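Heads up: the sequence shown is residues 129 to 533, going by the working numbering.
Note that the Cβ used here is the ideal one computed from N, Cα and C, for glycine as well.
Model, not experiment: these values are computed from the prediction.
Note sheet for the following structure.
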Amino acid sequence: PGKKASVKAAAPPKAAAPLRLTKEQEQDILSAFAEDIALSLEDIVDAAEAGPAGANGGKEKKAAAGKREGRGGEEDARTAAAAAAPRASASSEGGRRPKQKGGGSAGLSAKKMLEFERNGHVKLEDVVGACGVTEDELAAALDDVLEARQLEAYKQKLRVFGVVQREVDRQRTAEEARDLLEQVCEDEGREVPFLQLFHVHRGATVGADVLRKVAESEAMGKLASELLGVDRVRLYQTAAFVKLPGHGETAWHSDLNTSPMDTNGMLTFWLPLTPIPDLDHAPLEFATGSHRDFALPYWHTNEGMEDLGSRGYPIMHHLPLYPGDCTAHHGWLLHSSPPNLSPRPRKALTLSYVADGVRRLAEEGLRRKPDDEDLEGYADWLPGVKPGAVIKALPLVFDARKPRS
């Protein structure tokens, strides 16, 4: 008492740049501002990417905003579904994206990074090929892992639904576990949930090898790095999500609420392995901008966040989605999925990445503890990391500072 604490001055934190533009793009943006200050930010980014001619075409682009690439998801979700309906028949015939020139992921545009920064989610087309595998190979790989580990997926849901561990451990086959899950749902008046299987990239099977090739690829790591605005990213987890016909809706949630990490630097790529032409096929829906709603978790309890109708979030999706595409959403973004009303299973692979240097949540001074629904996703490394310590157990998959060969 009465003495000043000795505090060593810390170096100022290094600011992360959410948008990485070339000098030419920066100059074009400045030129666009000077040309017409009334242009929207999206128009200015469009102009920067189009070059000098694009800066002069901003007004025309603004008039035709509804026709711009990547804007379909900004419609009301139900209106967008109706607009996508004419493409549903094309999607169902083989589930292939119409052939386009220049397919594949060659890096993110400033426009896509801006969309992610503002909305908290973005659609990226034809990304799987850049990882060195085909859509068919990826789908077959996931099927291989799901078949081998189906019992594990059912046991995870039984645990989440509150079945005592002794009873969960007693299940010897996937059929037994499925029957018990359906009985629990019937007794409690619940809808049968989707199935979730963690760390599908691990193991010595051929399927796991393919999934690991994608999850740890430089291509996906680079996309995560650019969207998060950081130089280095680590693979947090992979998961498979399966909604069989009739499986119910997924409740609104954010991924970081179920993760034991003290960070804002996390995102998830959601890769459909079956065609998603319309809402009946259970796509992800996003509460746009909710990742920036600081007031929601600051003031409200978990119970107080159950009714989000008053928040005014625009509900958006990115239909249609084809195998090979993905959506990306921020770790704090609220998202959900409607029930699968289609006659086919809906299968998706998720890849979650975090910025290098994230720390495990402390055990003291918290407003709430993370939901343990995703416990299987981090139970193996959590005991080896002290509360508040930097997490180094996760594999580093991309480093922008590392020289490229």
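- The C-alpha of L407 lies about 44 Å from the C-alpha of P531.
- Taking the Cα of P451 as reference, the smallest distance to any Cα among Y441, V482, G437, I404 is reached at I404.
- Taken through DSSP and simplified to helix, strand or coil, Y441 comes out as coil.
- Annotation for W427: no beta strand (DSSP E) segment contains it, though the alpha helix (DSSP H) segment containing it runs 423 to 427.
- The C-beta of G317 has fewer than 16 other C-beta atoms within 10 Å across all chains shown, which makes the residue exposed.
- As computed with DSSP, D527 is found in a beta bridge with R360.
- Of the other Cβ atoms in all chains shown, fewer than 16 fall within 10 Å of the Cβ of A517; this residue is therefore exposed.
- Here L522 is not near L325, since their CB atoms are 8 Å or more apart.
- Taken through DSSP and simplified to helix, strand or coil, R246 comes out as helix.
- The alpha helix (DSSP H) runs lying completely inside the region 328 to 410 and spanning 4 residues or more are 334 to 343, 346 to 356, given in chain order.
- One alpha carbon belongs to L401, the other to K475, and they sit about 5 Å apart.
- In this structure, L462 keeps its C-beta atom at 8 Å or more from the C-beta atom of L479.
- Taking a contact as a CB-CB distance under 8 Å, the pair T333 and E501 does not count as one, their CB atoms being some 26 Å apart.
- Taking C-beta atoms as the reference points, A305 and Q299 count as a pair closer than 8 Å.
- The C-alpha of D390 lies about 26 Å from the C-alpha of L399.
- DSSP places Y450 in no alpha helix (DSSP H); its state is neither H nor E.
- Inter-segment contact for the region 425 to 441 and the region 503 to 515 is absent: fewer than three beta-carbon pairs are separated by less than 8 Å.
- Contact between the region 273 to 280 and the region 289 to 296 is absent, with fewer than three C-beta pairs closer than 8 Å.
- Rounded to whole angstroms, the separation of the alpha carbons of D337 and L449 is 25 Å.
- In terms of CA proximity to E263, G335 leads the group L494, N247, G335.
- In the structure shown, the three-state DSSP call for K497 is coil.
- For Y481, the uninterrupted beta strand (DSSP E) segment begins and ends at 474 to 483.
- P466 is positioned such that its CB atom lies no closer than 8 Å to that of E354.
- In this structure, the beta-carbon distance from P373 to R246 does not fall below 8 Å.
- E304 carries a helical assignment under DSSP once its states are collapsed to helix, strand and coil.
- Rounded to whole angstroms, the separation of the alpha carbons of K520 and D527 is 14 Å.
- Counting along the chain, E491 sits inside no alpha helix (DSSP H), nor does DSSP assign it H or E at all.
- One alpha carbon belongs to M444, the other to V250, and they sit about 10 Å apart.
- Contact between A367 and V328 holds, with the beta-carbon distance rounding to 7 Å and staying under 8 Å.
- The alpha carbon of K371 has as its nearest neighbour, out of L412, Q365, L266, the alpha carbon of L412.
- According to DSSP, S470 shares a beta bridge with no other residue.
- For the options D297, K341, R495, the alpha carbon positioned closest to that of Q284 is the one of D297.
- C-alpha of L149 to C-alpha of L242: approximately 11 Å in a straight line.
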